[in-house]
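Numbering (my numbering), first residue to last: 949 to 1296.
A virtual CB, placed ideally from N, CA and C, is assigned to each residue, including glycine.
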Ligand code: PEP
Ligand code: MN
């Protein structure tokens, strides 16, 4: 159920409604919107009635949430969620720079697939910043198909990422692949990425939900939209309200690309959720030549952010070189994106 509080409701009224819901055996999840505060009452609704909920002081309306995902649903929060990543929340070499997702501005998270070394990541961080990127991405823990492939530099890679943030001010997005590593990665990162292979790793989702750091949740390569939104729900209900979605391509019969970039997912998700929806044309296509056109298409169809793999020398990249842009190509693309963003009422 959703409790919509009266416009201008006080802190005391919110606290009272939360207390009353707990007494009734429901878990309150409060969202402070621009105009209204709403409280999602999560749990077995048979413990109460909508009349009982409507009688709580300060409550204007009580509505059911019909979608199976509750906290992720637009039924709960019809206006987009806007939140920041960065701002010095992490513990190692924090930087005060932050970037907002979900607003008019479309941030670009760029960087190599993997942290390969100190010089590489610091060099690429400066280069993508210069080209207009607003955050730095690179994996220190890599989920690889083969155990013989490069697995990432682990904590050493996180140290280099923190140095790159210190040098450039770019907030860091990096992947976490096990629940036990969440506190470690959160010490260094401004945003934790949960990759496509882990979208339904429910223990990882719960651990991310317990973390104070925002989460970038990629779509599972064989997940339906509903399964994807329910994965986000795991994180939200565990207490972390800063979740970003990201379409990164799905597995189909098509073999001219690495993945089929299901771009209709972007506007479809935005019909169903208030969470920011990003797009990753690098993994979405797997082909360097397709990244630029599909980035522009992502912006045109409403993406709230873009993820692109960029490397100083893509041919020599240890991972995902075929879907990685050079710094020069990335800089050119950033310029080309601006008019596309403006055409759909956004900025970059
Ligand atoms: C990545 O971002 O490098 C990555 C491994 O992504 P995905 O989980 O989408 O394959
Ligand atoms: Mn990659």
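With fewer than 16 other beta carbons inside 10 angstroms of its own, residue 956 counts as exposed. Rounded to whole angstroms, the gap between the alpha carbons of residue 1263 and residue 1271 is 10 Å. Taken in chain order, the unbroken stretches of alpha helix (DSSP H) that lie wholly in the segment 1059-1105 and span 4 residues or more are 1066-1079. Boundaries of the alpha helix (DSSP H) harbouring residue 1231: 1229-1233, taken from the DSSP string. With respect to the 9 Å criterion, residue 1034 and residue 1044 are classified as neighbours on the basis of their beta carbons. Taking 8 Å as the cut-off, the C-beta of residue 1229 does not count as close to any heavy atom of ligand 1. Under the criterion of beta carbons closer than 8 Å, residue 988 and residue 1024 qualify as touching, at roughly 5 Å.
The residue from 1224, 1226, 1047, 1243 with its alpha-carbon nearest to that of residue 1233 is 1243. Taking the Cβ of residue 1233 as the reference point, every heavy atom of ligand 1 lies at 8 Å or farther away. Counting other Cβ atoms within 10 Å of its Cβ, residue 1204 stays below 16 and is therefore classed as exposed.
Rounded to the nearest whole angstrom, the CA to CA distance from residue 1195 to residue 1061 is 16 Å.
Two segments are said to touch when three or more pairs of C-beta atoms, one from each, lie closer than 8 Å; by this definition the segment 1213-1229 touches the segment 1246-1259. Less than 9 Å separates the beta-carbon of residue 1069 from that of residue 1109. Shortest Cα-Cα distance from residue 975 to any of 983, 991, 960 involves 991. Only buried fits residue 1082, as 16 or more other CB atoms lie within 10 angstroms of its CB. As the crow flies, the alpha-carbon of residue 1246 is around 10 Å from that of residue 1213. In this structure, the C-beta of residue 1141 approaches ligand 1 to less than 8 Å from one of its heavy atoms. Exclusion of the five residues before and after residue 1114 leaves 1041, 1043 as the residues of its chain whose Cβ lies within less than 8 Å of its Cβ. At a cut-off of 8 Å, the beta-carbon of residue 1268 counts as near ligand 2: some heavy atom of the ligand is closer than that.
Contact between residue 1076 and residue 1278 holds, with the beta-carbon distance rounding to 7 Å and staying under 8 Å.
With distances taken between CA atoms, residue 1031 lies nearest to 1139 out of 1259, 1139, 1206, 1126. Note that the C-beta distance between residue 1105 and residue 1088 is below 9 Å. For residue 1067, the number of other beta carbons within 10 angstroms of its own is below 16, and it is reported as exposed. In this structure, the beta-carbon distance from residue 1020 to residue 1184 falls below 9 Å. For residue 1230, the closest of 1222, 1209, 1224 by C-alpha to C-alpha distance is 1209.
Of the residues 1266, 1222, 1261, 1275, the one whose Cα lies closest to the Cα of residue 1051 is 1222. Residue pairing from DSSP places residue 978 in a beta bridge opposite 987. When DSSP assignments are scanned along the segment 1102-1175, the uninterrupted stretches of alpha helix (DSSP H) that are 4 or more residues long and fall wholly within it turn out to be 1103-1116, 1130-1136, 1150-1157.
In this chain, the beta strand (DSSP E) harbouring residue 1046 covers 1046-1049.
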